[in-house]
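Student: Sending over a structure as structure tokens; questions will come in a sec.
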Amino acid sequence: MISQVGDRFTQMAFIELLGKEFFGKFSAFGGVAVIFTLPSIIFGPFTGPLIDSWRKKRVLLVGDFVRAVLVALLPIAYTIHLGGQRYNLYAMFAVALVVYIFGFFFSAARLAFVPLIVPRDELLRANSANMTLLRLATGIGTLLGGVAVSLIGWRMGFLVDALTYLASFVLILMISSKESETDKDITGSVEARIKEHRQKARINLDYLLNAFRKTAVNLFLIPAAYIADFAKDEFGKRRMKKAKSVDLKAEFVRYIDYIKGGIKLMVNTRTMVFVMTSLLVIFLISGVAFSVIVPTVQQTLKLETIGVTVLAAAAALGMFLGPFFTGMFGSAFRKQRLMITSFILLGLIFIAGGGTYLAVGLERALSVPWLNWTLICMMGIIILIAGMLFSAINISQDTIIQERIPKEARGRLFAWRETLASLAFVATAVPAGFIAERVSFEYVLVAVGGIVIVCSLAWMPVLKTREAVNSLDGDVK
Numbered sequence: 134m135i136s137q138v139g140d141r142f143t144q145m146a147f148i149e150l151l152g153k154e155f156f157g158k159f160s161a162f163g164g165v166a167v168i169f170t171l172p173s174i175i176f177g178p179f180t181g182p183l184i185d186s187w188r189k190k191r192v193l194l195v196g197d198f199v200r201a202v203l204v205a206l207l208p209i210a211y212t213i214h215l216g217g218q219r220y221n222l223y224a225m226f227a228v229a230l231v232v233y234i235f236g237f238f239f240s241a242a243r244l245a246f247v248p249l250i251v252p253r254d255e256l257l258r259a260n261s262a263n264m265t266l267l268r269l270a271t272g273i274g275t276l277l278g279g280v281a282v283s284l285i286g287w288r289m290g291f292l293v294d295a296l297t298y299l300a301s302f303v304l305i306l307m308i309s310s311k312e313s314e315t316d317k318d319i320t321g322s323v324e325a326r327i328k329e330h331r332q333k334a335r336i337n338l339d340y341l342l343n344a345f346r347k348t349a350v351n352l353f354l355i356p357a358a359y360i361a362d363f364a365k366d367e368f369g370k371r372r373m374k375k376a377k378s379v380d381l382k383a384e385f386v387r388y389i390d391y392i393k394g395g396i397k398l399m400v401n402t403r404t405m406v407f408v409m410t411s412l413l414v415i416f417l418i419s420g421v422a423f424s425v426i427v428p429t430v431q432q433t434l435k436l437e438t439i440g441v442t443v444l445a446a447a448a449a450l451g452m453f454l455g456p457f458f459t460g461m462f463g464s465a466f467r468k469q470r471l472m473i474t475s476f477i478l479l480g481l482i483f484i485a486g487g488g489t490y491l492a493v494g495l496e497r498a499l500s501v502p503w504l505n506w507t508l509i510c511m512m513g514i515i516i517l518i519a520g521m522l523f524s525a526i527n528i529s530q531d532t533i534i535q536e537r538i539p540k541e542a543r544g545r546l547f548a549w550r551e552t553l554a555s556l557a558f559v560a561t562a563v564p565a566g567f568i569a570e571r572v573s574f575e576y577v578l579v580a581v582g583g584i585v586i587v588c589s590l591a592w593m594p595v596l597k598t599r600e601a602v603n604s605l606d607g608d609v610k
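This note's numbering puts the first residue of the sequence shown at 134, with every later residue one more than the last.
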């Protein structure tokens with residue numbers, strides 16, 4: 134939750150920079166979407182087996198610490214003299230690309246980690262609570278980040294984000310989980326390793342937390358030791374073993390089998406096909422929101438970054454209320470029915486938003502202040518409702534995957550999920566940005582709404598499916 138607040142500071146900082154450096158270029162937002170999602174596309178098919186074999190908590194810790202360091206370097210990357218401010222922005226994007234690589238590992242490991250600390254019959258409530266906190270953090274971070282970036286400057290956003298990653302690292306360190314005992318015989322438990330490094334550095338965790346306000350240096354001792362230990366366990370230990378040589382061909386074949394197993398899990402039942410295709414549609418909507426709605430609010434409607442902040446806060450409020458209501462009432466409905474109904478409502482919302490501006494006329498709306506603000510308020514309400522529907526869909530997707538996929542394969546599934554989501558996001562954000570530069574944004578919104586409704590109607594047969602929750606347990610290699 135804490136790092137999610139910081140992420141919104143970074144997001145608003147990038148939006149501010151894009152608005153200044155690429156004003157009027159909707160396609161620039163689509164291009165940036167490629168950078169943010171490229172790690173998922175490239176690494177998605179290959180990281181699942183790694184995450185399944187690694188300790189999830191360890192992946193979370195390493196991901197947080199490395200991202201803290203890299204995000205803190207983003208303002209420095211912008212000051213490098215490369216022939217112009219736009220080239221400096223490209224340097225920032227290069228660093229951001231590495232940040233998102235570690236973020237991809239973190240996201241997949243986090244979703245696979247939840248069932249290890251929560252009983253199966255509590256997964257829906259746990260996911261709802263988790264989503265509620267994340268959305269609350271998103272709303273708070275978006276509001277504070279947008280105001281801070283507008284008043285103080287975009288550099289503040291990156292520095293706050295770096296600090297939240299460090300705070301998240303400390304909190305994750307305190308979580309106890311029931312991960313497999315099989316990897317404890319390599320170097321001992323996590324607690325034993327932490328104790329060893331504390332003794333070597335003559336520091337204990339209590340002192341570290343108490344001294345947090347006095348010095349930031351101590352924050353790097355345990356993380357650095359943890360990363361070194363991680364590298365030693367996963368890579369160095371195998372080289373130190375004097376066992377028989379590894380058959381590289383056999384290892385490669387086994388790895389490919391893992392990947393094939395992940396693909397098989399995605400398409401093995403009608404319900405899983407539904408979940409994965411619904412994921413594509415949800416990120417189709419996200420791609421349009423990023424490359425069309427954000428620059429429209431910032432530039433076409435002349436509300437600048439603070440306008441984006443207010444509407445993003447409305448979406449975050451909806452995403453906060455969505456998990457709350459889903460946790461309270463969601464168990465009374467089939468998750469598939471809840472998802473399809475939410476998609477139909479989302480499609481209608483897109484059509485209503487674009488259709489209203491078509492009926493009124495964009496030029497007339499901009500020339501009449503009271504009418505413009507009326508439409509903006511209406512858009513805020515629509516976005517709030519859309520945020521609630523998004524949350525209901527996301528929670529249902531995660532819960533279905535966690536219920537139906539065995540724990541030894543969840544890393545693969547969530548890694549593939551991130552890859553498909555990124556592909557859908559890029560495949561939508563890039564062309565939508567180019568189209569919105571040539572066609573008025575109202576038509577784009579109406580078209581997307583129609584596509585979502587058509588997909589929802591095509592999913593209707595899945596409501597007749599009655600598969601056992603554990604129907605995939607025997608299909609994992």
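Positions of the beta carbon are idealized from the N, C-alpha and C atoms, including for glycine.
#1: Would you mind working out which of S240, F169 and T271 sits nearest V231, comparing C-alpha positions?
#2: Can you give me the Cβ contacts of D339 inside the same chain, cut-off strictly under 7 Å, excluding the 5 residues immediately before and after it?
#3: Output the boundary residues of the alpha helix (DSSP H) element that contains P418.
#4: Where does D390 land, buried or exposed, given buried means 16+ other C-beta within 10 angstroms?
#5: Within its chain, find whatever has a CB closer than 7 Å to the CB of L578; leave out the 5 residues flanking it on each side and keep chain order.
#6: My assumption, with CB atoms under 8 Å, is that A519 sits in contact with F416. Please give the rounded CB distance.
#7: Starting from the C-beta of G196, find all residues in its chain whose C-beta is less than 8 Å away, skip the five residues before and the five after it, and write them out in chain order.
#8: Determine the DSSP secondary structure at I273, reduced to helix, strand or coil.
#9: Report buried or exposed for R191, applying the criterion of at least 16 other Cβ atoms within 10 angstroms of its Cβ.
#10: So, using beta-carbon positions, are G278 and Q137 closer together than 8 Å?
#11: Taking three-plus beta-carbon pairs below 8 Å as touching, is the stretch 467-474 in contact with the stretch 292-303?
#12: So which of V204, T552, R200 and M521 has the shortest CA-CA distance to F302?
#13: Looking at F407: is its Cβ nearer than 8 Å to the Cβ of V595?
#14: Sorted by chain position, which residues of the same chain lie with C-beta nearer than 8 Å to M521's C-beta, five sequence neighbours on each side aside?
#15: From Y490 to I184, what does the alpha carbon distance come to, in whole angstroms?
#16: Where does the unbroken alpha helix (DSSP H) through G582 begin, and where does it stop?
#17: Can you grab the Cα-Cα spacing for the pair V247 / Y233, in whole Å?
#18: Please tell me whether L553 and L398 are closer than 8 Å, where the distance is taken between their beta carbons.
#19: By the 10 Å Cβ neighbour count, where 16 or more other Cβ atoms means buried, how is Y359 classified, buried or exposed?
#20: Please state whether DSSP places S309 in a helix, a strand or coil.
#21: Starting from K597, follow the alpha helix (DSSP H) in both directions and report where the run begins and ends.
#22: Using three-state DSSP, classify I526 as helix, strand or coil.
#23: When you compare only the Cα positions, how much space is there between G480 and T561?
#24: State the CB to CB distance for the pair T275 and A445, rounded to an integer number of angstroms; the pair is presumed to be in contact (CB under 8 Å).
#25: Using the rule of at least 16 other Cβ atoms within 10 Å of the residue's Cβ for burial, across every protein chain shown, is V602 buried or exposed?
#26: Can you tell me the Cα-Cα spacing of M289 and G272, whole angstroms?
#27: Using CA coordinates, which residue listed in T433, T474 and G440 is at the minimum distance from V587?
#28: Nearest by alpha-carbon distance to L194: which of I308, W503, T532 and G460 is it?
#29: Of all the options C510, V228 and A259, which has the alpha carbon lying nearest to the alpha carbon of A205?
#30: Run through DSSP, which three-state label would T212 get?
#31: Which first and last residues belong to the alpha helix (DSSP H) in which L436 is found?
#32: How many angstroms separate the CA atom of L436 from the CA atom of R141?
Tutor: From the atom records:
#1: Ranking S240, F169 and T271 by Cα distance to V231 puts F169 first.
#2: The predicted position of D339 is uncertain, since its pLDDT is 49 and thus under 50; a value taken from the coordinates is nonetheless stated next. Nothing listed; no residue qualifies.
#3: The amino acid at residue 418 is misidentified as Pro; the sequence shows Ile. Counting along the chain, the alpha helix (DSSP H) containing I418 begins and ends at R403 to V421.
#4: With fewer than 16 other Cβ atoms within 10 Å, it is exposed.
#5: Cβ within range, chain order: F483, G486 and G487.
#6: F416 and A519 do not touch by the CB rule: their CB atoms are close to 14 Å apart, not below 8 Å.
#7: Close CB contacts of G196 within its chain, under the 8 Å cut and outside five residues either way in sequence, are with F235, G236, F238, F239 and A242 (chain order).
#8: I273 falls in the helix class under three-state DSSP.
#9: Taking every protein chain shown into account, the CB of R191 has 16 or more other CB atoms within 10 angstroms, so this residue is buried.
#10: No.
#11: No contact exists between the stretch 467-474 and the stretch 292-303.
#12: Answer by Cα proximity: R200.
#13: It is a contact, given that the beta carbons lie within the stated cut-off.
#14: So the list reads G451, M452, L454, G455 and F458, once near-sequence residues are dropped.
#15: When rounded, the separation of the alpha-carbon atoms in Y490 and I184 is 46 Å.
#16: Where G582 is concerned, the enclosing alpha helix (DSSP H) starts and stops at F574 to A591.
#17: Rounded to whole angstroms, V247 to Y233 spans 21 Å at the Cα level.
#18: No.
#19: Below a pLDDT of 50, predicted positions are generally treated as unreliable, and Y359, at 46, falls in that range; the measurement from the model is reported next regardless. By the Cβ neighbour-count rule, Y359 is buried, with 16 or more other Cβ atoms within 10 Å of its own.
#20: Three-state DSSP puts S309 in coil, outside helix and strand.
#21: Premise fails: K597 is in no alpha helix (DSSP H) and is neither H nor E.
#22: Looking at I526 - three-state DSSP - the assignment turns out to be helix.
#23: About 16 Å.
#24: The C-beta distance from T275 to A445 rounds to 4 Å, short enough to meet the 8 Å contact threshold.
#25: Note that V602 has pLDDT 46, beneath the 50 cutoff, so the model's placement of it is unreliable and the number below is only indicative. It is exposed - the Cβ of V602 has fewer than 16 other Cβ atoms within 10 Å.
#26: For M289 and G272, the distance between alpha carbons rounds to 18 Å.
#27: V587 has its Cα closest to that of T474, out of T433, T474 and G440.
#28: Measuring from the Cα of L194, the nearest candidate turns out to be I308.
#29: Ranking the options by Cα distance to A205, first place goes to V228.
#30: Reduced to three states, the DSSP call for T212 is coil.
#31: Element bounds for L436: n/a, residue is neither H nor E.
#32: Taking the straight line from one Cα to the other gives about 19 Å.
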